[in-house]
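Below is one structure, written out as structure tokens, with a few remarks after it.
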Amino acid sequence: MNRRRTGVHGSLGAAAALLAGCLNNVVTVADERADAATSESPAEGAGAVDLLVVIDNSGSMRVGQDSFNNYASALTSALVEQHGARDVRVGVISTDLGTGGAAPLPGCAAPNGDDAVLNPRARGEGTRGRSLAELPAPIFCGGFESSPFITLRASDDAMLRYWAPSCHATLGTAGCGVEQPLEAALRALTSQAGASGPNAGFLRRDAVLAVLVVSDEDDGSVRDCRQHDGVGPCVDARSVWDPSASEWAHPDLNLRFYMYSPQSAQDPTWPVDRYVDPQRLNRGLLGLKPGHPERVVFGAVTGVPLALPTRADGGTDWRALLGASPDGRDGYAGDSAEGRVSMRAADLDPACPTRVVPACRARGSDALRAGCDLASQYYAWPARRLAEVARRLDESVLCGGAPCRNGMVASICDAGDSSPLSRFAGMVARRIVR
């Protein structure tokens, strides 16, 4: 949701050092790469990665966006330079889908927000319509300012490989306060990706599809039956936007997306099956790679504990994290050095009645000084739906008869840690078609 944050800044030390090292090697790339955004690679994507980055641009995301932009090179450069991807297409969308015209909420003036259009900074109705003062200046774009997506190759200048993704991902923090990353990702890759759609040409047949969400809140993809995919019944939930509506779990709009029991009448969101359904591989994200579920990889840097419970093999222990009961009230909860954290559903914070217990708090922050606002301590809300999508791609979707291990989560509360992006790059690299 749209939580304004002050006094918290991501570390720019690594970014400054890298930028200084690249400045001596800058070349002019706009002319020689003018057609890179729309060109098809040989073999329709063999050796390639189509990376969709979903950036939360609500009021609380200053730290998260800074951190991603500082370390995006850990992801793109690792894929190209370390893992041998022939080229990596990077498409960026925001989590802002507006309210479908249901309510004029702050930050949600455009009825459909950015409507899952690639490069919303230049092409999205919601972000593009804001004043330049609300959009931080990107560091370097390399001629890709207005292109729908960016293509990075090993032959590119280092400046381009390191900084071009931050050009599209610098979205500011004035977006709609109800984040809908899962619906935005699906829309970007389906209805908006048709031959005449704004995202046409991004997906390649044999490329690995990697979806990475960067958000400090959970997915709040509201059921709008006008977008129904025809699987199962649909009960419209757009009245959740109405502050006076009484059928939802809490009067507070923010808490309506955290205090419900999953799949109950008070749950306003689309079922997670809409996005990843292990029983219907032709549906949702998996349906984009028919016959090849191994080519879909999902990660989220989001609201999960800094120290995730792990299995014996080092992977995330999803049962310990999310719990075993359908209502999600037996998920992980415990005390961290920074204060109490919880992944349980509907776990209202007794000290802060306007929020649930955070999933994580800024690493190294003072638990004794923790308050209810972000100025006193940065925190992230429990991202149970995003973690469930990652869990399914990690252990429920099968590739060659074994769990795909194609899903991961990492905590957004450690702004100085680039290792989650490197880990995601390694997960994607295992699936590149050679």
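Residues 832 to 1265 in the working numbering are what the sequence shown lists, from first letter to last.
We put the beta carbon where it would ideally sit given N, CA and C, even for glycine.
Predicted model only: the values in this text are computed from it and were never measured.
Starting from residue i, follow its DSSP beta bridges and name the residues at the other end.
i	result
Met1239	Gly1130
Val1103	For Val1103, which the question treats as bridged, DSSP gives no partner whatsoever.
Ser1046	None; Ser1046 has no bridge partner.
Gly1170	Ser1167
Thr1004	Answer is none; Thr1004 lacks a bridge partner.
Thr1141	Thr1147
Do residue j and residue i count as a contact pair if the criterion is CB distance below 8 Å?
i	j	result
Arg1150	Ala1176	no
Ala1189	Trp1212	Strictly speaking, residue 1189 in this sequence is Pro, with Ala absent from that position. Yes.
Val885	Ala1076	no
Val1264	Ala877	yes
Val1259	Val1039	yes
Glu1125	Cys1235	yes
Arg1222	Leu1137	no
Val1055	Asp1073	Checking the sequence shown, residue 1055 turns out to be Asp, not Val. No, they are not a contact pair.
Thr926	Pro996	no
Glu1010	Asp887	yes
Met1174	Val1228	no
Val1340	Ala1168	The chain is shown only over 832 to 1265; residue 1340 falls outside these bounds and no answer can be derived.
Val1172	Gly1165	yes
Met1090	Thr1004	no
Tyr993	Ser889	no
Val1240	Ala1131	yes
Arg1069	Gly931	yes
Arg959	Ala953	yes
Val1071	Arg1087	yes
Pro1140	Pro1093	no
Arg1192	Cys1244	yes
Cys1230	Cys1203	no
Asp1225	Gly1122	no
Leu983	Val911	yes
Leu906	Phe1255	yes
Ala1218	Leu1152	yes
Arg1215	Asn1237	no
Just curious, the alpha helix (DSSP H) that residue i is in, first and last residue?
i	result
Arg1018	Pro1012 to Leu1020
Leu828	The shown model of the chain, from 832 to 1265, leaves out residue 828, and the question about it has no answer.
Asp897	Arg893 to Ser908
Ser997	Ala989 to Ala1000
Arg954	Pro951 to Arg954
Can you tell me where the beta strand (DSSP E) holding residue i begins and where it ends?
i	result
Arg920	Asp918 to Ser925
Ala879	Ala879 to Ile886
Leu983	Ile981 to Leu983
Do residue i and the ligand GDP come close, with the Cβ less than 7 Å from some heavy atom?
i	result
Gly957	Only the bare structure without any ligand can be found here, which leaves the ligand GDP out of the picture.
Cβ contact (3+ pairs, closer than 8 Å) linking the region 1046-1061 and the region 1087-1102: Yes: the two stretches touch, three or more of their Cβ pairs being nearer than 8 Å.
Runs of alpha helix (DSSP H) wholly within the region 1173-1259 (minimum 4 residues, chain order): Whole alpha helix (DSSP H) segments, 4+ residues: 1215-1222.
Segment contact flag, the region 937-952 with the region 908-923, C-beta cutoff 8 Å, min 3 pairs: Look at the beta carbons and you see the region 937-952 touching the region 908-923: at least three pairs across the two are nearer than 8 Å.
Touching by the beta-carbon criterion (3+ pairs, under 8 Å), the region 898-906 and the region 925-938: The region 898-906, when compared against the region 925-938, does not touch it at the 8 Å Cβ threshold.
Segment contact, 8 Å Cβ cut-off, at least three pairs: the region 964-973 with the region 1104-1114: A contact is defined here as three or more CB-CB pairs under 8 Å, and the region 964-973 fails this definition with respect to the region 1104-1114.
Start-end ranges of the alpha helix (DSSP H) lying completely within the region 1019-1088, minimum 4 residues: Annotation: the region 1019-1088 contains no complete segment of the alpha helix (DSSP H) (minimum length 4 residues).
Touch test, the region 1005-1019 against the region 971-986, Cβ-Cβ under 8 Å, three pairs minimum: The region 1005-1019, when compared against the region 971-986, does not touch it at the 8 Å Cβ threshold.
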